[in-house]
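Below is one structure, written out as C-alpha cells; comments come after it.
Number of protein chains: 2
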Amino acid sequence: MTEALPHEEASEARSYWFDDADSAVELLSATRRFRSADHEMRRRMSTSMDMNTTDLSALRFVIAHEQSDAPVTPLRLAQHLQITGASTSKLLDRLTASGHLERAPHPHDRRSRIVVATAHAHSQVRDRLSGMHEQMLEIARAVPAPARQAATDFLLAMAEHLETEAPPRELTPREG
Amino acid sequence: MTEALPHEEASEARSYWFDDADSAVELLSATRRFRSADHEMRRRMSTSMDMNTTDLSALRFVIAHEQSDAPVTPLRLAQHLQITGASTSKLLDRLTASGHLERAPHPHDRRSRIVVATAHAHSQVRDRLSGMHEQMLEIARAVPAPARQAATDFLLAMAEHLETEAPPRELTPREG
DNA sequence: TCACATCGTTAGCCTATCTAGTTAAATGCA
DNA sequence: TGCATTTAACTAGATAGGCTAACGATGTGA
C-alpha cells in the first residue's frame with residue numbers, strides 16, 4: 581500500500597462522497613495499516629532471530645519448499661529473493677555459519693547444490709511462526725462466511741492491480 | 581505475510597476441514613499474495629525512479645504531509661522511516677542532490693529544518709501514483725457494501741495481531 | 001545566567017548488495 | 001567421440017545505505 585496521499589486522509593472524502601465511498605476509503609486505509617504492520621512484524625522477527633529480513637525470507641522459503649518435488653537450489657533461492665547468485669552465495673555462507681542451513685549435493689546435477697534447513701532452524705522458525713499462523717487462521721475464520729469471498733476477491737484484485745501496474749521502464753534482468 | 585508453510589498449501593486443509601475453513605485458508609492465501617504484490621510494486625516503482633525504497637517512501641511521506649499542520653522535519657522523517665537521524669541526513673543529501681527535495685528553514689525553531697518536495701518530485705510521483713490510488717479506490721468500491729465492514733475489520737484485526745505479536749522468546753541460547 | 005536537552009549534521013565504520021571473472025559440470029554439435 | 005558453448009556456484013573487490021559517536025547551534029528550565 582501507499583502512504584497516505586493528501587486526499588486519502590483528509591476532509592475531502594467525508595465532505596461530499598456517499599456513505600459507501602466512505603467505507604471504501606476506510607477499507608483502503610485498513611489495507612495500508614495491515615501492510616505496514618506486516619512489514620514491521622517481519623523486521624521485529626528477523627532482528628529477534630539476529631538476521632536480516634532477506635535471510636529470514638530465505639530461511640522460510642527453504643523450509644516451505646523442502647518437501648516439494650523441486651529441491652531448493654541457490655539459483656532458485658536467488659530468483660525468489662530477487663538478488664543475484666553471488667549475493668545468494670554469501671547469504672548461504674551466513675546462514676550455514678549460523679547453523680540454519682546446509683548445502684548438500686544435488687542428486688542429478690553435480691554442478692548444483694540443494695539447500696536444506698537444519699533441525700535448529702526448523703524449531704526456531706516453527707516456534708515463532710506456527711502459532712502465529714493459527715491465530716491468523718482464527719482471524720480469517722472470524723470473518724462472516726458470506727463476506728469471506730468478497731474479502732478474498734478484494735485482496736486478489738488489489739494484488740493483480742499492483743502486479744500489472746507501474747512498470748514504466750524495462751524490467752532489469754538479473755544474472756545467473 | 582509469510583511464505584507458505586508446508587501445511588498452508590498442501591492437502592491437509594482440504595481433506596477434513598469444513599467448507600468455511602477452506603475459504604478462510606483462501607482468504608489468508610489472498611492476503612499473502614496481496615502482501616507480496618505490494619512489496620514487488622514498491623520495488624519496481626523505486627527502481628524505475630532510480631532510487632531505493634526508503635528514499636521513495638520518504639518522498640511520498642513528504643508529499644503526503646506537505647499541506648499538513650505539522651511540517652515535515654528530518655526528525656519526523658526519521659521516525660516514520662525508522663532510521664536514525666544521521667541516516668536521514670544522508671537520505672536528504674541524496675534526494676536534494678537528485679532534485680526531489682529541498683531543505684528550508686523552520687519557521688519557529690532555528691535548530692530545525694523543514695523538508696519540501698520540488699515541483700519535479702511532485703509531478704514524477706503524481707504521474708506514477710495518482711492513477712493507481714484511484715483504481716484502488718475503485719477496487720474497494722467494488723466490494724459489496726455489506727462486506728466492506730467485514731473486510732476492513734479483518735484487515736485491522738490482522739494488523740493488530742501482527743503489531744502485538746512475535747517479540748516473544750528472547751534470543752535462543754545457541755552457542756556464543 | 002548557566003546547565004542541559006534537542007536538532008541536524010559530519011566522520012568513520014559495517015554489512016548486504018552488486019559486477020566481473022573463475023572453475024566445474026552438463027549439453028550440443030561436427 | 002571431442003570440442004565449444006552454456007549453466008551453476010563461487011570468489012574478489014567495489015559501492016551504497018545503514019549505524020554509532022561526536023559536535024556545533026539553538027532552545028529551555030531552574
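Those protein sequence lines, which keep their order, are chains A and B. When you line the first sequence up against our numbering, it's residues 581 to 756, in that order. When you line the second sequence up against our numbering, it's residues 581 to 756, in that order. Beta carbons are placed, not taken as given, at the ideal position from N, Cα and C, and that holds for glycine. Small disclaimer: the values here were computed from a predicted structure and weren't measured.
In the three-state reduction of the DSSP assignment, residue 663 of chain B falls in the coil class, being assigned neither a helical nor a strand state. Annotation: residue 634 of chain A has no Cβ neighbours in chain B at a cutoff of 9 Å; minimum Cβ distance is about 12 Å. Inclusion of residue 722 of chain A and residue 736 of chain B in the CB contact set at 8 Å is not warranted, their separation being larger than that value. In terms of Cβ geometry, residue 638 of chain A and residue 675 of chain A form a close pair [threshold 8 Å]. With contacts defined by Cβ atoms closer than 8 Å, residue 731 of chain A and residue 731 of chain B form a contacting pair. Taking all protein chains shown into account, residue 720 of chain B has 16 or more neighbouring C-beta atoms within 10 Å of its C-beta and is therefore buried. Residue range 725-744 is occupied by the alpha helix (DSSP H) that includes residue 726 of chain B.
For residue 651 of chain A, the three-state secondary structure derived from DSSP is coil. Residues of the same chain with a CB within less than 7 Å of the CB of residue 683 of chain A, apart from the 5 flanking positions on each side, are 672, 676, 693, 695 in chain order. Close partners of residue 737 of chain B in chain A (Cβ separation under 8 Å): 719, 722.
Sequence-distant partners of residue 697 of chain B (beyond 5 residues in either direction) whose C-beta falls short of 7 Å from its own C-beta, in its chain, are 639, 642, 643, 646, 680, 681. Distance from the CA atom of residue 741 of chain B to the CA atom of residue 716 of chain A, rounded to whole angstroms, is 8 Å. Contact check for residue 633 of chain A and residue 661 of chain A: beta-carbon distance about 10 Å, past the 8 Å limit, so the pair fails to qualify. Of the candidates B:738, B:743, B:745, B:729, B:729 places its Cα closest to the Cα of residue 602 of chain A. Closer than 8 Å to the CB of residue 611 of chain B there is at least one CB belonging to chain A.
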